[in-house]
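The structure under discussion appears below in the form of C-alpha cells.
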Amino acid sequence: MADYKDIKRGIAGAIILGIFVLTFFILKEIIIPIIFGLLFAYIFNPVYKKILTRVKRKTLSALILLFGLIILIAIPIIYMVPILVNQLFEIYVLLQNFNFGEYINNFVQSNISSTLAINLDNIIGKLFSTSLDQFKILVKNFPSLLLQFAVFFFTFYFATRDANELREYISTLSPFSDATEAKILKEFRGITNAIVFGQVFIGIVQGLAVGACLFFLGVSNALTLTFIACIVSMIPILGSWIVWLPVSIFLLINGQTFDGVFLLLYGALFVSTIDNLLRPYILSKQTNLPIVLSVIGTIGGLYFFGITGLLLGPLTLAYVLIIIEFYRQGKLKDLFNK
C-alpha cells in the first residue's frame, strides 16, 4: 500500500512539474512584456487613482489610462521611427566622410593620429552595422513585436484595474510573516522608485534637455542625437555628455563658434546638474541605488535582456540583494511561520 501511495505521489508530482515546465515555455517569449505591463501599472498607479476619483468606475478609469498610454507610445513610433532611421543613415554617411586623421593630427603625432583615426572609423563602422542589423531583426520580427505589445497592454490594463485584488492575492501566496512582508515590500518600492525615477526618468529628462538645445541651435539630425542622449543618460557613469560634448566640438571645428560654446556651457552648467536638481524632489527619502550596483546591473541587463535591460538589469540585481540583506540581518527567520 505504501509503495502504491508513493507511486501516486510521484505521478502527481511529475504532472505538476510538467504543467509548470509547459507554462514556462508558453510564457517564455512574452515574459518581458508581462513584466513591463506590471511595472507600468505600478508607475501609473497614481495617475489611475486620480482618474478614478473623478470617473468613479474602475473599468472605465483603467480604459482611459490604457488608451492614453497607447497614444503616448504609438505617436512616437509612427512618426519618429522613420525619421530616426533616415537620420541614422545621414549621421553614418557624415562620419564616414569625416577626416578624423586631419583633426587628430593637430593634437598628436602623425603616426599616432593615423592609428586613432583608423580605430575610430572601425568603431563607428561596427556601431552602425550593429544598429542596422538590429533594425533588420526588428522589421523581420514586427508581427511578433505587435503581439508583445498586445500582451503588454493587456497586462497593464488588468494589473491597473485589479491592483488591489492582485496585491491581496500575492500576499496570500507569500511565505513571509506580515511584518517581514511589509518590510520587504517597502524596500522593493524604494529601490524600484530609485531605479525607475532616479535612473530612467531623470536620464530621459536629461536627454530631452539636450535635444531641446540641439533643435534650438538647428543642429542636423537632432532627433536621432536626442534619442541617443536619452539612452546614454540612463546608463550610469556615461551620460548625456557623450552627445553634447562631441557635437560642441564638431560645431567649433566647423566654425560655428557661438553654437559650439553655447551647447558646451548649456551641457556643462545645466544638463549635468538636472540630476542634482530633480532627484531630491522625485525620490525624497527613497532608497538610493549604489553606483556600483547600478553599473553592474545595467551592463548585465543589457547583455541578457537587450535594451530593456537598462531597467530590468538593475531592478533584478537590487531585488536579489534586498533578499540577501534581509537574510543576513536574520529578518527571514520567520519564513513559513505566517
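According to the working numbering, the stretch in the sequence shown is residues 758 to 1095, in order.
All C-beta atoms in this analysis are idealised placements derived from N, C-alpha and C, irrespective of residue type, glycine included.
All figures in this text were calculated on a predicted structure; none of them were measured in a lab.
From what residue to what residue does the alpha helix (DSSP H) around Pro1071 run?
For this step, residue 1071 is matched to residue 314 along the sequence shown. Run containing Pro1071: 1066-1085, per the alpha helix (DSSP H) assignment.
Any chance the region 998-1005 sits against the region 964-979, with 3 or more Cβ pairs inside 8 Å?
Judged by pairs of C-beta atoms under 8 Å, the region 998-1005 touches the region 964-979, as three or more such pairs exist.
Note the first and the last residue of the continuous alpha helix (DSSP H) segment covering Ser990.
Indexing the sequence shown from 1 puts residue 990 at position 233. That run of the alpha helix (DSSP H) goes 979-990.
According to DSSP, simplified to helix, strand and coil, what is Arg814?
In the sequence shown, the residue the question calls residue 814 occupies position 57. Looking at Arg814 - three-state DSSP - the assignment turns out to be coil, as it is neither helix nor strand.
Ala916 versus Ile1080, Ala1075, Asn802, residue with shortest Cα-Cα distance
Numbered from its first residue, the sequence shown carries residue 916 at position 159. Per the Cα distances, Asn802.
Spatial neighbours of Leu1072 within its chain, please: C-beta separation below 7 Å, excluding the five flanking residues on both sides.
Counting from 1 along the sequence shown, the entry for residue 1072 is found at position 315. The beta carbon of Leu1072 lies closer than 7 Å to those of Thr949, Ile952 in the same chain, with the five residues before and after it left out.
Need the endpoints of the alpha helix (DSSP H) that Ile800 sits in, please.
By 1-based counting over the sequence shown, the position of residue 800 is 43. From DSSP, the alpha helix (DSSP H) with Ile800 extends over 788-800.
Assign Ile840 to one of three DSSP states: helix, strand, or coil.
Position 83 of the sequence shown, counted from the start, is the residue given in the question as residue 840. The DSSP-derived three-state label of Ile840 is helix.
Taking DSSP as the reference, what is the three-state secondary structure of Gly1012?
For the purposes of this step, residue 1012 is identified with residue 255 of the sequence shown, where counting begins at 1. Residue state, collapsed to three classes: coil.
Terminal residues of the alpha helix (DSSP H) in which Val967 lies
The sequence position of residue 967 within the sequence shown is 210, counting from 1. Residue range 959-974 is occupied by the alpha helix (DSSP H) that includes Val967.
Should the region 1007-1020 be regarded as contacting the region 954-964, the criterion being three or more beta carbon pairs within less than 8 Å?
Judged by Cβ distances under 8 Å, the region 1007-1020 makes no contact with the region 954-964, as fewer than three pairs qualify.
Pop quiz: Leu974 and Leu1020 are said to be a contact at Cβ under 8 Å. What is the actual Cβ separation, rounded to whole angstroms?
Sequence index remark: in the sequence shown, residue 974 carries index 217 (1-based). Sequence index remark: in the sequence shown, residue 1020 carries index 263 (1-based). Between Leu974 and Leu1020 a beta carbon distance of about 6 Å is seen, short of the 8 Å cut, so the two are scored as contacting.
If you run the structure through DSSP and keep just helix, strand and coil, what is Ser997?
In the sequence shown, counting from the first residue as 1, residue 997 sits at position 240. Residue state, collapsed to three classes: coil.
Just the Cα atoms here: how many angstroms apart are Ile1079 and Glu944?
Residue mapping note: residue 1079 aligns to position 322 of the sequence shown, counting from 1. Residue mapping note: residue 944 aligns to position 187 of the sequence shown, counting from 1. Here the C-alpha atom of Ile1079 lies approximately 7 Å from the C-alpha atom of Glu944.
With 16 other CB atoms within 10 Å as the buried threshold, where does Phe798 fall?
In the sequence shown, residue 798 corresponds to position 41, counting from 1. A small fix is needed here, since residue 798 is Ala in this sequence, not Phe. Burial call: buried.
What is the DSSP secondary structure of Phe1027, counted as helix, strand or coil?
For the purposes of this step, residue 1027 is identified with residue 270 of the sequence shown, where counting begins at 1. Phe1027 sits in coil when the DSSP states are folded into three classes, being neither helix nor strand.
Apart from the five residues just before and just after Ile808, which ones in its own chain have a Cβ nearer than 8 Å to its Cβ?
On the sequence shown, residue 808 is found 51 positions in, with the first residue counted as 1. Excluding the 5 residues flanking it on each side, Ile808 has same chain C-beta neighbours closer than 8 Å at Ser818, Ile821, Leu822, in chain order.
Tell me the rounded alpha-carbon separation between Ile869 and Leu1074.
In the sequence shown, counting from the first residue as 1, residue 869 sits at position 112. In the sequence shown, counting from the first residue as 1, residue 1074 sits at position 317. The predicted position of Ile869 is uncertain, since its pLDDT is 48 and thus under 50; a value taken from the coordinates is nonetheless stated next. Cα to Cα, Ile869 sits roughly 41 Å from Leu1074.
Measure the Cβ-Cβ separation of Thr1065 and Leu841 and say whether it is below 7 Å.
Here residue 1065 refers to the residue found at position 308 of the sequence shown. Here residue 841 refers to the residue found at position 84 of the sequence shown. Cβ atoms of Thr1065 and Leu841: not closer than 7 Å.
In whole angstroms, give me the CA-to-CA distance for Ala831 and Ala979.
Taking the sequence shown and counting its residues from 1, one reaches residue 831 at position 74. Taking the sequence shown and counting its residues from 1, one reaches residue 979 at position 222. Taking the straight line from one Cα to the other gives about 20 Å.
Burial state of Phe1093, where buried means 16 or more other Cβ atoms lie within 10 Å
Here the question's residue 1093 lines up with position 336 in the sequence shown. Confidence is the limiting factor: at Phe1093 the pLDDT is only 46, short of 50, which leaves the residue's position unreliable and the question unanswerable from this model.
Could you check the C-alpha separation between Leu1069 and Ile791 for me, to the nearest Å?
Within the sequence shown, numbered from 1, the residue matching residue 1069 stands at position 312. Within the sequence shown, numbered from 1, the residue matching residue 791 stands at position 34. Using only the alpha carbons, I get a separation of about 12 Å.
Which word fits Thr810, buried or exposed, when buried means at least 16 other C-beta atoms lie within 10 angstroms of its C-beta?
In the sequence shown, the residue the question calls residue 810 occupies position 53. That one is exposed.
Measuring alpha carbon to alpha carbon, tell me which of Leu971, Pro993, Ile994 ends up nearest Phe984.
Position 227 of the sequence shown, counting from 1, holds the residue named residue 984. The shortest CA-to-CA distance from Phe984 to any of Leu971, Pro993, Ile994 is the one to Leu971.
Quick check: does the Cβ of Ile828 come within less than 6 Å of any heavy atom belonging to the ligand NAP?
The ligand NAP is absent from the structure shown, which contains no ligand whatsoever.
Quick one: grab the DSSP three-state call for Asp919.
Within the sequence shown, the letter at position 162 stands for residue 919. Coil.
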